[in-house]
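Here the numbering used here = 1-based position in the sequence shown + 175.
These notes concern the structure reproduced below.
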Amino acid sequence: MYSLLLAMGTPQGPGVNPYVQLIPIALVFAIFYFIILLPTKRRQKKLQEFLAALKVGDRVVTNGGIYGSVTKVNGNTVQLQIADKVRIELAKSAIVTPCRIYAGSSSPLSLCLSSSSGSAYIRCSPGDTTSQLRSGCSIAS
């Protein structure tokens, strides 16, 4: 019985080069690097550059979804004004993206959206209802 198991485990004829067997694994790692890791590194570098150049008056979005305007920058912390006479202090690392309101819009319903190409902006009129905000607003970039 034992000799039968040993006979089943031995290769028949010349063996395959072990380096050929590593090619699929190397291809998986290369695809993983170029599709996942490289774009993530680029995005992180861009965010770090933005945070380093952060100045008073910049509009930002935090990781909690709070939209605000920078009123003070102190080392690793930032003070945001989120409403009239309402200011909060956050860590710089809590800021995830810049938010710039569309230049032609003076509407309080102007909302900033994050997109893969940078920032996209929604422009709505002051009388729009919630359903119109979902379907009828024009998007500009």
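In this text, a Cβ means the ideal position worked out from N, Cα and C, and glycines have one as well.
It should be emphasised that the depicted structure is a prediction, and the values quoted were computed from it without experimental measurement.
Please report the distance separating the alpha-carbon of residue i from that of residue j.
i, j, result
"residue 227", "residue 267", "9 Å"
"residue 272", "residue 195", "45 Å"
"residue 292", "residue 236", "At residue 292 the pLDDT is 39, less than 50, meaning the model places this residue with poor confidence and gives no usable figure here."
"residue 245", "residue 197", "52 Å"
"residue 193", "residue 205", "19 Å"
"residue 249", "residue 229", "11 Å"
"residue 260", "residue 211", "42 Å"
"residue 215", "residue 207", "11 Å"
"residue 257", "residue 264", "11 Å"
"residue 202", "residue 222", "30 Å"
Can you say whether residue i is buried or exposed, counting buried as having 16 or more other CB atoms within 10 angstroms of its CB?
i, result
"residue 270", "buried"
"residue 255", "buried"
"residue 191", "exposed"
"residue 136", "With the chain covering 176 to 316 only, the question about residue 136 has no answer from this structure."
Would the beta-carbon of residue i be found less than 7 Å away from any heavy atom of the ligand ZN?
i, result
"residue 264", "Annotation note on the ligand ZN: not contained in the displayed structure, which lists no ligands."
For residue i, I'd like the list of residues in its chain whose CB is within less than 8 Å of its CB, leaving aside the five on either flank, ordered along the chain.
i, result
"residue 251", "266, 267 and 268"
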